[in-house]
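Trainee: Sequential numbering of the sequence shown, starting at 0, is according to numbering that gives the first Met the number 0. Backbone N, C-alpha and C define an ideal beta-carbon position, used for all residues, glycine too.
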Amino acid sequence: MGWLDTPDLCYTDAVTVLAAATHRPVRVVLHRGRRVVRVDFEFGRFLLAQNHDTGTTTDPDACGDWTVTVYDEQDPSAGVLAEATDEWLADAFDRVYDVARAVPGRQLAASAADAATVAAPSVTVPSAAAVALC
Numbered sequence: 000m001g002w003l004d005t006p007d008l009c010y011t012d013a014v015t016v017l018a019a020a021t022h023r024p025v026r027v028v029l030h031r032g033r034r035v036v037r038v039d040f041e042f043g044r045f046l047l048a049q050n051h052d053t054g055t056t057t058d059p060d061a062c063g064d065w066t067v068t069v070y071d072e073q074d075p076s077a078g079v080l081a082e083a084t085d086e087w088l089a090d091a092f093d094r095v096y097d098v099a100r101a102v103p104g105r106q107l108a109a110s111a112a113d114a115a116t117v118a119a120p121s122v123t124v125p126s127a128a129a130v131a132l133c
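(1) List the whole-angstrom C-beta distance separating GLY32 from ASP71, where the pair is believed to meet the contact cut-off of C-beta under 8 Å.
(2) As a quick exercise: from TRP65, THR15 and PHE40, pick the residue whose alpha carbon is nearest that of GLU82.
(3) Tell me the DSSP bridge mates of GLN49?
(4) Mind reading off the beta-carbon distance from ALA77 to ASP85? Whole number of angstroms is fine, and I expect it under 8 Å.
(5) Output the boundary residues of the alpha helix (DSSP H) element that contains ASP39.
(6) Since I believe LEU47 is in contact with HIS22 (beta carbons under 8 Å), could you give me their beta-carbon distance rounded to a whole number of angstroms?
(7) Among the residues of its own chain, which have a CB less than 7 Å from the CB of PHE45, if the five just before and after it don't count?
(8) Less than 8 Å between the CB atoms is what I'm expecting for VAL14 and VAL27, so what's the real figure, rounded?
(9) Compare the Cα-Cα distances from VAL79 to each of VAL67, VAL25, ALA89 and TRP87 and report the closest residue.
(10) Tell me which residues share the same chain as VAL95 and place their Cβ nearer than 8 Å to its Cβ, disregarding the 5 neighbours each side in the sequence.
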C-alpha cells in the first residue's frame, strides 16, 4: 500500500510521524489484543508505539504518554531491546532509537562504528549486556 499502510485514519498523525522519522512503512496492527503502531526494521527488529495502557487510543481525554518499544523478532531471548516513554511520540521515538543504536550488536540502522551511548531519562535497556547509561 505505501508508507501509510493502514486503512484506519484515526492514527494518521502517529503513522505520519513515524513514517517521516524512519522512512519506512508504518501500520496499525493488533499486538496481544491491543492496537499499536508498528514499524519494521532490518534484521528482524521492529518498533511498537502506544499511547495508552490498553494500546493506542485516539481519545484525547484518555491519552497518556507515548511508549515506544524496540523488539528483536529473530532473537526471542533478547526480547525488548529498548523502551522509552515521553509525552510526545517523536521524542519517545528519538530516545528509544538512540538507545537501540547504542546497544552493541543490535543496531537498527547504524553501523557499530556509529553507535554512541545516549543517556536519557525514562529510557530502559533491559539486557544485562547493554550499554550502561550515565
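Mentor: Concretely, from the data shown:
(1) With a Cβ gap of about 22 Å, GLY32 and ASP71 do not count as contacting.
(2) TRP65
(3) Looking at the DSSP assignment, GLN49 forms a beta bridge with THR66.
(4) Wrong, their Cβ atoms sit about 23 Å apart, outside the cutoff.
(5) Counting along the chain, ASP39 falls outside any alpha helix (DSSP H), though it belongs to the beta strand (DSSP E) covering 33-39.
(6) Wrong, their Cβ atoms sit about 18 Å apart, outside the cutoff.
(7) ARG37, VAL38, ASP39, TYR70 and GLU72
(8) 7 Å
(9) VAL67
(10) LEU46, VAL67, THR68, VAL69, ALA81, GLU82, ALA83 and VAL122
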